[in-house]
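Student: For my numbering, count along the sequence shown from 1 and bump the result up by 488.
From the three backbone atoms N, C-alpha and C, an ideal C-beta is built for every residue, glycine too.
The structure displayed is predicted, hence computed values, not measured ones.
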Amino acid sequence: MEQDSEDQDKAYRSLVGERIRSIRKQKRLSLQEVEARSEAEFKASVLGAYERAERAISVPRLQRLAKFYNVPVDQLLPSEDALNELNVNTHSQVDIDTTERSIVIDLVKLGESKAPESAVIDRYLKIIQVKRQDFNGRVLTIRRDDLQALAAIIGATVEDAPQRLAELNLLRDAISG
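1. Give a single yes or no on whether Ala637 has its beta carbon closer than 7 Å to a heavy atom of the ligand ATP.
2. Just to confirm my understanding: we take Leu598, look at its own chain, exclude 5 residues before and 5 after, and list those with CB closer than 8 Å. What are they?
3. Quick check on Ile630: does DSSP put it in helix, strand or coil?
4. Which residues does DSSP list as the beta-bridge partners of Val592?
5. Whole-angstrom Cβ separation of Val646 and Leu635, contact assumed at under 8 Å?
6. Please classify Gly643: is it buried, with 16 or more other beta-carbons within 10 angstroms of its beta-carbon, or exposed?
7. Report all residues from its chain with a CB closer than 6 Å to the CB of Ser510; omit the five preceding and five following residues, and keep chain order.
8. Excluding the 5 residues preceding and the 5 following Leu656 in the sequence, name in chain order all residues of the same chain whose CB lies nearer than 7 Å to its CB.
9. Rounding to the nearest angstrom, what Cα-Cα distance links Val582 and Lys555 in this structure?
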């Protein structure tokens, strides 16, 4: 049972790390730029460790980071949906991380696409953006549950969906860091 608690803590840190990284990316900042602009209050190596869930961030530090990014603190925390997914998730965190890093939809390409499926895909992705409060407008990372619905929309299996999205020229290579 103690291992389950540790796994849950690690999974929660991963969700927090994803949010921290997402906000940083939306602000178009590298880890080094955050360090420089924060006058080394947030060192690149430490911020990276938070994003990779290697370290837990304290609440006061999370508040300072939110202030630095000029976002409400709750935007750096996982959404209710993400927490619910964490609680019922039967997949390992490694599987989730792999899926999230490998399926990235290029929203610019989607907007330019003439494929008949494009309009339906676009409407579905807009729903995801609103749910996640993710409005960078350039890319959208597809999670496992979202991929299942997207596969149904494009008439493919979950396994074949990434290939079909690639054929539609809608994928963008995952951005690391």
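Tutor: Per the coordinate set shown:
1. This structure simply doesn't include the ligand ATP, nor any ligand for that matter.
2. Here residue 598 is taken as the residue at index 110 of the sequence shown, counted from 1. Cβ within range, chain order: Ser606, Ile609, Asp610, Leu613 and Leu658.
3. Start at 1 with the first residue of the sequence shown, and residue 630 comes out as number 142. It is coil, neither helix nor strand.
4. Position 104 of the sequence shown, counting from 1, holds the residue named residue 592. Note: Val592 sits in a beta bridge opposite Thr629 and Arg660.
5. Here residue 646 refers to the residue found at position 158 when the sequence shown is read from its first residue. Here residue 635 refers to the residue found at position 147 when the sequence shown is read from its first residue. Their Cβ separation, rounded to whole angstroms, is 6 Å, which keeps Val646 and Leu635 in contact under 8 Å.
6. Locating residue 643 in the sequence shown gives position 155, where the first residue counts as 1. With fewer than 16 Cβ atoms within 10 Å of its Cβ, Gly643 is classed as exposed.
7. Working through the sequence shown from its first residue, we reach residue 510 at position 22. Nothing meets the Cβ criterion.
8. As a first step, residue 656 is located in the sequence shown; it is residue number 168 there, counting from the start. Correct list, in chain order: Ser601, Ala603 and Glu605.
9. Position 94 of the sequence shown, counted from the first residue, corresponds to residue 582. Position 67 of the sequence shown, counted from the first residue, corresponds to residue 555. A caution first: Val582 carries a pLDDT of 37, below 50, which makes its placement in the model too unreliable to give a value.
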